[in-house]
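Below you'll find the structure, written out as structure tokens, and then a few comments.
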Amino acid sequence: MSQRINTQFFDTKIEFLKGVGPTRAVTLNKELKLFTFGDLVQYYPFRHEDRTSFQRISELNDTMSAAQLKGRIRSMTVIGEGHKRRLTVEFTDGTGIVEFVFFQSIDWHLKHLKEGGEYIAYGKPQRFGQRFNFSHPDLETINPENEGGGYFQPVYNLTETLRKKYLDSRFLSKIMRSLLEQATPHFRETLPQELVQKYRLLPKAEAMWGIHLPDSQYALTQALRRLKFEELFYNQLRLLKNKLLQKREYPGQVFGNLDMLKTFYQQHLPFGLTNAQKRVLREIHDDFKSGKQMNRLLQGDVGSGKTIVAFISMLMAIDNGAQACLMAPTEILADQHYRGLKPFCDALGINISLLTGSTTKKGRKIVLPGLQDGSIHIAVGTHALLEDTVQFKNLGLCIIDEQHRFGVAQRAKMWAKNETIHPHILVMTATPIPRTLAMTLYGDLDLSIIDELPAGRKPIETVHYFETKRLAMFGRVKEEIRKGRQVYIVYPLIEESEKLDYNNLMEGYESIQRTFPEYHISMVHGKLFPYEKDFEMQRFVKGETQIMVATTVIEVGVNVPNASVMVIESAERFGLSQLHQLRGRVGRGAEQSYCYLMTGVKLSKDTRIRIDTLCATNNGFDIADVDLKLRGPGDLTGTQQSGLMDLLLADLAKDGAVLKAAREAADEILQEDPDLILPKNEPIRSHIDSLRKEETNWSRIS
Ligand code: ADP
Ligand code: MG
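Throughout the sequence shown, residue numbering follows the UniProt record's numbering, covering 1 to 702 in sequence.
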């Protein structure tokens, strides 16, 4: 648990709580990692059952997600043998009869339920012929506490062991009540009064009651809002404070001289920059002039022209006596950057080198000393650049392309490549991240966005084909090749079954050969040696082959403007962002481009949404929003990002508004009181202290 409430009361062991005791405490320790009052009170329910009112059996209908009944057991019958054995219970409230069915704990139920006994039942009604059926409803004898309804039953995550020992949600809510009764005077307000008022938040203690044992839907909503706000506020406060610290503590090299940039701009740049590119370059240049070290995230949809922004930024560094490096996630990409930038560098008298895993020993003997003595100005490469043997004379700017493949650790490593004065860092990503996620993941980075594609680009036309309509798709592909365009055909790659994928790809390759006997085909997949991959890639780049059959190795960044068709095989096996990335390989020239999504005929609901979204829009940010909703933030980022781990309650896909408010609040407070020394911010200081204490406790345990 990350957000402990720090007073001694909350350090009390749970065995001392009424209704728990030593034996149950051990079980709760083991099963849920709940040790103290503080742990328990922060073990939040994940939903609530609405037990406020009772339904009549005569009123039940198929659309109800749950119903609460009050009535009497008419009869109990055990039917069947072995694993088919089940208990059916007839239950009536005078307005009709329903049936409860139990497949498990039959003997227990036989022992505890009584024919003629009066109970309250809660569960999901399902129509079965004339009657409604409840499978494993929750049954309780009527008592003064439940007979009037009027409450919400919190539902907690449980384990099988807990259930077997009857330490269920009802039990937890009981001990929670007795804990909350004792705890109320001990809760400390963790937010300054000013914020509580301005954002109309519930006081802490009230929110803690409300999240466990709300007395209305409204109370629950308010409790959640308050606690999410708190969580996001501290998350943002930490990120913004880090950002502030970095700015204050780390000087950056000043790159004021722009001669080389001007020469490049006037004489060599083959196109005019878009307004968005210009704006972003100004933002970067402002950082370069500030004397502070830059940490900036550049987001731009596929094809928005990030590479040239990177290059121009590197020119600023070089023009001022520093070196720059550009790190890409794959060799193909590093290679492509190198080849793309080399002619510009030659024209400007800049030395650029490539360093990847397949750079030979001989090659390294040239590159490494060149970087060390400063004669090489730009290093383009893969994570090979991170190795300790790679030393720069004066690294001034490090650009990381397609960040989602790299972690925070790598950023830090590049940063340490210049101990005298840390390099400016520019992280570029083509997977647009929803703003909410960017704020949490990269809240400590400044954000630049290229939200405009170069002029003349036509939106890619995306069409979904079922497997059965393959011939029609091939027909359209042929048409494009006849016009002189090139085509990608991409197959999925699943790590669990490389062999299967390989077979898939090979079969595909052969069928494409049969369908297009008059054309040349390249093939790239993970089993090729880098030089083979490269050879195949280059044939395609040079236009010697018309079709590129590949696994997802071509996913990021590959740039062949003449390619106008992207066929994605088994599209149901790709994530939304990945599909968008793949599609982004076409639509880079002036021609109309197409993306064909091939799938089997049976699609899950999620797949349907993915395919429909893709067909409907080319906007990466819109797509990212849908993706976030479908998959949740954890999956979207691929890695466990520390920025997300302390979010217990907030859901970045849904709580954008609260996040925005929390960030605004954190920002305002830090602007006024960057060191948090004002008396009114005392609650913040002491809460941060308790969080810190918590973190050290945990690091000692794990
Ligand atoms: P990405 O942002 O996906 O990395 P790239 O930098 O690879 O995109 O650019 C995609 C293509 O657009 C390249 O061929 C590049 O030369 C071209 N390009 C970039 N900026 C412009 C521009 N302002 N006008 C025209 N074409 C541009
Ligand atoms: Mg790119």
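C-beta: ideal position from N, C-alpha, C; glycine also.
- Nearest to F311 by C-alpha distance, out of G82, E544, Y119, A324, is A324.
- At a threshold of 7 Å, A317 does not count as near the ligand MG, since its beta carbon sits no closer than that to any of the ligand's heavy atoms.
- For E15, the CB contacts under 7 Å within the same chain, skipping 5 residues up- and downstream, are G21, P22, A25 in chain order.
- Distances taken from the Cβ of A276 to the heavy atoms of the ligand MG include none shorter than 7 Å.
- Its chain contains I211 as the residues whose beta carbon lies nearer than 6 Å to that of Y44, once the 5 sequence neighbours on both sides are disregarded; these appear in chain order.
- In this structure, S511 keeps its C-beta atom at 8 Å or more from the C-beta atom of T545.
- Looking at the backbone, the Cα of T52 and that of R163 are separated by about 25 Å.
- In this structure the region 599 to 607 does not lie against the region 617 to 627, because fewer than three pairs of beta carbons, one per stretch, are closer than 8 Å.
- Between the ligand ADP and L273, a heavy atom-to-CB distance of less than 7 Å is present.
- For T552, the CB stays at least 7 Å from every heavy atom of the ligand MG.
- If the five residues before and after N257 are omitted, its C-beta is found closer than 7 Å to the C-beta atoms of D319, N320, all from its own chain and listed in chain order.
- When Cβ pairs closer than 8 Å are counted between the two stretches, the region 337 to 348 is seen not to touch the region 291 to 299, the count staying below three.
- Within 10 angstroms of the beta-carbon of P459 lie fewer than 16 other beta-carbons, which makes it exposed.
- By the Cβ neighbour-count rule, E331 is buried, with 16 or more other Cβ atoms within 10 Å of its own.
- Proximity of the beta carbon of K306 to the ligand ADP is indicated: a heavy atom of the ligand is located closer than 7 Å.
- Listed in chain order, the non-local C-beta contacts of K198 below 8 Å within the same chain comprise A665, local neighbours out to five positions each way being set aside.
- With distances taken between CA atoms, R588 lies nearest to A563 out of S178, A563, D612, L139.
- Closest option to F271, judged by alpha-carbon separation, among A455, D444, Q130: A455.
- Straight-line measurement puts the Cα of S593 at about 15 Å from the Cα of F474.
- The Cβ neighbour count for L471, taken over all protein chains shown within 10 Å, is under 16; the residue is labelled exposed.
- With a cutoff of 8 Å on beta-carbon distance, S358 and I376 are scored as not near each other.
- By the C-beta density criterion, D655 is buried, having at least 16 other C-beta atoms within 10 angstroms.
- Taking a C-beta distance under 8 Å as the contact criterion, L139 and Y119 qualify as a contact pair.
- When the beta-carbon positions are compared, I97 and F91 come within less than 8 Å of each other.
- Taking the Cα positions, V78 is about 53 Å away from N503.
- Setting aside the 5 residues that flank it on each side, R539 is surrounded in the same chain by S522, T545, each with a C-beta closer than 6 Å to its C-beta; the list follows chain order.
- By the Cβ criterion, the region 228 to 246 is in contact with the region 426 to 446, since at least three pairs of Cβ atoms, one from each stretch, lie closer than 8 Å.
- Contact annotation: L395 and P423 have beta-carbon atoms nearer than 8 Å.
- Taking the Cα positions, H186 is about 13 Å away from P203.
- At a Cβ-Cβ threshold of 8 Å, Q299 and T429 count as neighbours.
- Judged by beta-carbon spacing, F229 lies beyond the 8 Å limit of A657, meaning their Cβ atoms are not closer than that value.
- Going by DSSP, L597 is part of the beta strand (DSSP E) stretching over 594 to 599.
- Distances between the C-beta of R411 and the heavy atoms of the ligand ADP are all 7 Å or more.
- The C-alpha of P517 lies about 25 Å from the C-alpha of K527.
- For P137, there is no enclosing beta strand (DSSP E), since its DSSP letter is neither H nor E.
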